[in-house]
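S.K.:
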Amino acid sequence: MKVFSLVLQLFFFLCIDSKAAIRYITPSGAGSMNGTTWASAFPGSSLQLAISSSLPGDEVWVMTGSYFTTATNNRNIYFSMQNGVAVYGSFNGTETNLSQRSFSCGFTSILSAEIGVPGNADNSYHVISNSSVNNTAVLDGFIIRDGRADFDLTGNDNRSLGGGMINVGSNGGLASPTIRNCLFTNNTALFGGGIFNHGQNAGNASPVISNCIFMLNTATGGGGGIDNFGYNGTASPVITNSIFYMNTATDRAGAMYCWGGGNGNASPAILNCVFINNSSFDGGGIVADRSNFGAGNSGIANPTIRNSIFWGNTASGTGPQFFLIGGAGFAATYSAIDISNQNIPHTITGPGNGNITISPSFINIADPRGTDNCWLTSDDGLQLQSSSAGLDAGDNTGVSVFDIRNYNRVANGIVDMGAYEFNSTALPVHLFNFSGRSGGNANFIFWSTSSEHHNYFFEVLRSDDAVHFEKIGEIPGSGNSGVLKQYQFTDDRLINQQYYYRLKQIDRDGRNSFSNIILLTNRSSKQDILVFPNPVVNIATLLFQEGIVNQEFVLFNSSGQLVDKLVIHGRTGQIDLTGRPAGLYVLINQKLGIEIKIQKVTGNQ
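When we follow my numbering, the leftmost residue of the sequence shown carries the number 4, and every step to the right adds one.
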């Protein structure tokens, strides 16, 4: 039976339109599980099969939830990316367009290596392992966690490298995927707790990484966050708008290790990133190591740093922010770098390089996620204060269009240092929180601001599809304020179970802007329906507690075949089963959350 199910599922994979397709994944699957819609999504156990069966141009959409490398105890199983296939996570399961996806509390789809006994050391060696992929292989919107690459203590086996992800480019091949909007956390390895980029034998492992967070990853050797290992190959990723926070290594490079040996090159380009509170024995932030080991003896390790911040990293040995070995370089420009206790030669304070060595003045360096405990929200602690010397102090050359929260870069003509652009949020107020909850027959919307400037009023907008919004209320603003202000709105006009909400803020000069979108589900709003008679001979009458407007219902038989469609307007409707065989029928309206079972007791009358 299991073999038949697998063959049938593979048949569905292969039958999806040969043109660019979207494959939908939810943790448990849904409906017929053929992957063509959210209502018929593949189960999470088929995630890798969905990726592997996709063609260039296809996308895989993954709903909020946890997805594990395997349901077995085999530590050698992992996820892999594929050329031309974009895998997107953190959907709520109702979106019809990628632009509707919202990171309202960071990333919510989890790729985990937690197998076997929970919390034990028997996790998969890697969460993700890639080879022979280029930057058309995309991973976007995931938490990558719990990889445990601890096979041996020599590093001669890849199972000791890259707990979160390992990219192996060898023998002239590529392993350089695109990684966006991801959080790597709680991964461990001998080298490269979060990611190990392994360029060897003329291979290239240089992923393009943007808008990512590396937090609480560990390495017993080096490179708690990332290890770039170029031995007779290249491991030089491009990293933008990313954060390295509280990663650790026992030996070297709490956040990032760059090792170029033989004829290899490990010279990452780091732009608008933040390295904070990482730790190691040597090089709490970053280590560049130009090794003479191996044939050629001309390794290169010259990371370039621009518009970035290195602060609060620690080393019990040498070089809290950076540590250079064997003639390696460290070219930093237009960056904020703490040089206190930086006891190796450097040119950070040289003329014309645009660097600063005074505190960048974060909003709250002790709480990077803010009081809501969510990354990428308005209270994130690693945003710069209005008095920061890092504001408008960067170099615009090659900067991205958006910052880590996907807000506009270069708000005031010159880019800021770090991952966040000051005042780049659309709202002219500092929105501290925007949330909601359901209760009884109402939805309650809450928001607060920590500062307001010329704020006139808020409009509360509602939608049933996250695309077309209507105004349902208006709340006056506080004008100009520098203290916390709290607001609330009650929506008690509910017909559907699910609604999307957002704020439209109106300034006193007429400008307007929008908040992010939240989704609320109110089970109490479900229609109460009386069906009579049931069982039925020919015609059943439906009586709704409240009137409905032009709602389409679909009728299925017990074999899952569509047998009828009807539109109901008002409080009553009828289902005509005349001439249909006896049996069970199901009437469905997904928008209203209605599923009615009707039993016909006589046939063909």
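A virtual CB, placed ideally from N, CA and C, is assigned to each residue, including glycine.
On a predicted model such as this, the values are computed, not experimentally measured, just so you know.
Label residue 45 either buried or exposed according to how many other C-beta atoms from any shown protein chain fall within 10 Å of its C-beta, with 16 as the threshold for buried.
M.R.: Residue 45 sits at position 42 when you count from the first residue of the sequence shown. With 16 or more Cβ atoms within 10 Å of its Cβ, residue 45 is classed as buried.
S.K.: Give the straight-line distance between the Cα atoms of residue 392 and residue 346, rounded to the nearest whole angstrom.
M.R.: As a position in the sequence shown, residue 392 is number 389, starting the count at 1. As a position in the sequence shown, residue 346 is number 343, starting the count at 1. Going by the C-alpha atoms only, they are around 24 Å apart.
S.K.: How many angstroms separate the CA atom of residue 228 from the CA atom of residue 378?
M.R.: Numbered from its first residue, the sequence shown carries residue 228 at position 225. Numbered from its first residue, the sequence shown carries residue 378 at position 375. The straight-line gap from Cα to Cα measures roughly 17 Å.
S.K.: Can you list the beta strand (DSSP E) stretches of 3 or more residues lying completely in the region 475-547, in chain order?
M.R.: Counting whole runs of 3 or more residues, the region 475-547 contains the beta strand (DSSP E) stretches 488-494, 501-510, 515-517, 521-524 and 532-535.
S.K.: Based on the DSSP secondary-structure assignment, which residues constitute the bridge partners of residue 623?
M.R.: Shown here, the chain extends from 4 to 608; a query on residue 623 therefore has no answer.
S.K.: Kindly give me the distance between the Cβ atoms of residue 351 and residue 358, rounded to whole angstroms, as I take these residues to be in contact under 8 Å.
M.R.: By one-based count along the sequence shown, residue 351 stands at place 348. By one-based count along the sequence shown, residue 358 stands at place 355. Confirmed, Cβ separation roughly 5 Å.
S.K.: At which residues does the beta strand (DSSP E) containing residue 438 begin and terminate?
M.R.: By 1-based counting over the sequence shown, the position of residue 438 is 435. Per DSSP, residue 438 belongs to the beta strand (DSSP E) from 433-442.
S.K.: Looking at the structure shown, is residue 589 part of a helix, part of a strand, or coil, going by DSSP?
M.R.: Looking up residue 589 in the sequence shown gives position 586. Residue 589 falls in the strand class under three-state DSSP.
S.K.: Given a cut-off of 8 Å, decide if residue 316 and residue 281 are closer than it, judged by their beta-carbon atoms.
M.R.: To locate residue 281, count along the sequence shown from 1; it is residue 278. To locate residue 316, count along the sequence shown from 1; it is residue 313. Yes, the pair counts as a contact, with Cβ atoms nearer than the cut-off.
S.K.: Give me the Cα-Cα distance between residue 246 and residue 73, rounded to the nearest whole angstrom.
M.R.: Along the sequence shown, one-based indexing puts residue 246 at 243. Along the sequence shown, one-based indexing puts residue 73 at 70. One C-alpha to the other measures close to 29 Å.
S.K.: For the region 95-104 and the region 168-179, state whether three or more C-beta atom pairs, one from each stretch, are separated by less than 8 Å.
M.R.: No contact exists between the region 95-104 and the region 168-179.
S.K.: Could you work out which residue in 447, 483, 558 and 499 is closest to residue 505 when comparing CA atoms only?
M.R.: The residue you call residue 505 lines up with position 502 of the sequence shown. Minimum Cα distance to residue 505 is reached at 447.
S.K.: Rounded to whole angstroms, what's the CA-CA distance from residue 592 to residue 546? Just pull it up for me.
M.R.: Taking the first residue of the sequence shown as position 1, residue 592 is located at position 589. Taking the first residue of the sequence shown as position 1, residue 546 is located at position 543. Whole-angstrom Cα-Cα distance: 15 Å.
S.K.: Around the Cβ of residue 500, are there at least 16 other Cβ atoms within 10 angstroms (buried) or fewer (exposed)?
M.R.: One-based indexing of the sequence shown puts residue 500 at position 497. Residue 500 comes out buried.
S.K.: Under 8 Å between the Cβ atoms of residue 445 and residue 400?
M.R.: Here the question's residue 445 lines up with position 442 in the sequence shown. Here the question's residue 400 lines up with position 397 in the sequence shown. Against a cut-off of 8 Å, the Cβ pair of residue 400 and residue 445 comes out as no contact.
S.K.: Quick one, which of 156, 205 and 187 has its alpha-carbon nearest residue 640's?
M.R.: Residue numbering for the chain in the displayed model covers 4 to 608; residue 640 lies beyond these limits and cannot be assessed.
S.K.: Using a Cβ-Cβ cut-off of 7 Å (strictly less than) and excluding sequence neighbours within five positions of residue 79, which residues of its own chain qualify?
M.R.: As a working mapping, residue 79 is identified with position 76 in the sequence shown. So the list reads 128, once near-sequence residues are dropped.
S.K.: Exposed or buried, residue 429, counting other C-beta atoms within 10 Å across all chains shown (16 or more means buried)?
M.R.: The residue labelled residue 429 in the question sits at position 426 within the sequence shown. Residue confidence for residue 429 is low, a pLDDT of 44 falling below 50, so the modelled location carries little weight and cannot support an answer.
S.K.: Which class does residue 53 belong to by DSSP, given the choice of helix, strand or coil?
M.R.: Taking the first residue of the sequence shown as 1, we reach residue 53 at position 50. Here residue 53 sits in helix by DSSP.
S.K.: Determine the DSSP secondary structure at residue 235, reduced to helix, strand or coil.
M.R.: Numbered from 1 along the sequence shown, position 232 holds the residue referred to as residue 235. Here residue 235 sits in coil by DSSP.
S.K.: What residue does the beta strand (DSSP E) around residue 65 start on, and which one ends it?
M.R.: Counting from 1 along the sequence shown, the entry for residue 65 is found at position 62. Unbroken beta strand (DSSP E) run through residue 65: 62-66.
S.K.: Indicate whether residue 275 and residue 237 have their beta-carbon atoms separated by less than 8 Å.
M.R.: The sequence position of residue 275 within the sequence shown is 272, counting from 1. The sequence position of residue 237 within the sequence shown is 234, counting from 1. Going by C-beta atoms, residue 275 is not nearer than 8 Å to residue 237.
S.K.: Could you pull out every residue in the same chain whose Cβ sits closer than 7 Å to the Cβ of residue 319, ignoring the five residues on either side in sequence?
M.R.: Locating residue 319 in the sequence shown gives position 316, counting from the first residue. The residues are 284.
S.K.: At which residues does the beta strand (DSSP E) containing residue 185 begin and terminate?
M.R.: Taking the first residue of the sequence shown as 1, we reach residue 185 at position 182. Where residue 185 is concerned, the enclosing beta strand (DSSP E) stretches over 181-188.
S.K.: Assign residue 47 to one of three DSSP states: helix, strand, or coil.
M.R.: In the sequence shown, residue 47 corresponds to position 44, counting from 1. Correct three-state label for residue 47: helix.
S.K.: DSSP three-state label for residue 21, please.
M.R.: The count along the sequence shown starts at 1 and reaches residue 21 at position 18. Low local confidence applies: a pLDDT of 47 at residue 21 is under 50, so the model's placement there is unreliable, and no value is given.
S.K.: Can you give me the Cβ contacts of residue 202 inside the same chain, cut-off strictly under 6 Å, excluding the 5 residues immediately before and after it?
M.R.: Within the sequence shown, residue 202 is the residue found at index 199, counting from 1. For residue 202, where only same-chain residues beyond five positions count, the Cβ hits under 6 Å are 172, 208, 233, 236, 237 and 238.
S.K.: On a Cα-Cα basis, can you pick out the residue from 124, 497, 221 and 449 that is closest to residue 466?
M.R.: Position 463 of the sequence shown holds residue 466. Comparing Cα-Cα distances from residue 466 to each of 124, 497, 221 and 449, the minimum goes to 497.
S.K.: What did DSSP end up calling residue 258 once you bin it into helix, strand or coil?
M.R.: Here residue 258 refers to the residue found at position 255 when the sequence shown is read from its first residue. Correct three-state label for residue 258: coil.
S.K.: Do three or more CB pairs link the region 187-198 to the region 215-230 at distances below 8 Å?
M.R.: With a cut-off of 8 Å, the region 215-230 and the region 187-198 count as touching, because enough Cβ pairs lie within range.
S.K.: Can you tell me the Cβ-Cβ gap for residue 82 and residue 115, rounded? I've got them flagged as a contact below 8 Å.
M.R.: Numbered from its first residue, the sequence shown carries residue 82 at position 79. Numbered from its first residue, the sequence shown carries residue 115 at position 112. Going by Cβ atoms, the distance from residue 82 to residue 115 rounds to 10 Å, so no, they are not a contact pair.
S.K.: Take the Cβ of residue 568 as the centre, count every other Cβ of all protein chains shown within 10 Å, and call the residue buried at 16 or more, exposed below.
M.R.: By one-based count along the sequence shown, residue 568 stands at place 565. The residue is exposed, with fewer than 16 neighbouring Cβ atoms inside 10 Å.
S.K.: Put residue 603 into one of helix, strand or coil per three-state DSSP.
M.R.: Here the question's residue 603 lines up with position 600 in the sequence shown. If DSSP states are grouped into helix, strand and coil, residue 603 belongs with the strands.
S.K.: Going along the chain, which residues of its own chain have a beta-carbon closer than 7 Å to the beta-carbon of residue 435, five neighbours each way excluded?
M.R.: Indexing the sequence shown from 1 puts residue 435 at position 432. Answer for residue 435: 381, 382, 451, 452, 453 and 487, listed in chain order.
S.K.: Under three-state DSSP, which class holds residue 162?
M.R.: Taking the sequence shown and counting its residues from 1, one reaches residue 162 at position 159. Three-state DSSP puts residue 162 in a helix.
S.K.: CB residue 190 to CB residue 150, shorter than 8 Å?
M.R.: For the purposes of this step, residue 190 is taken as residue 187 along the sequence shown, with counting starting at 1. For the purposes of this step, residue 150 is taken as residue 147 along the sequence shown, with counting starting at 1. The answer is yes: Cβ separation under 8 Å.
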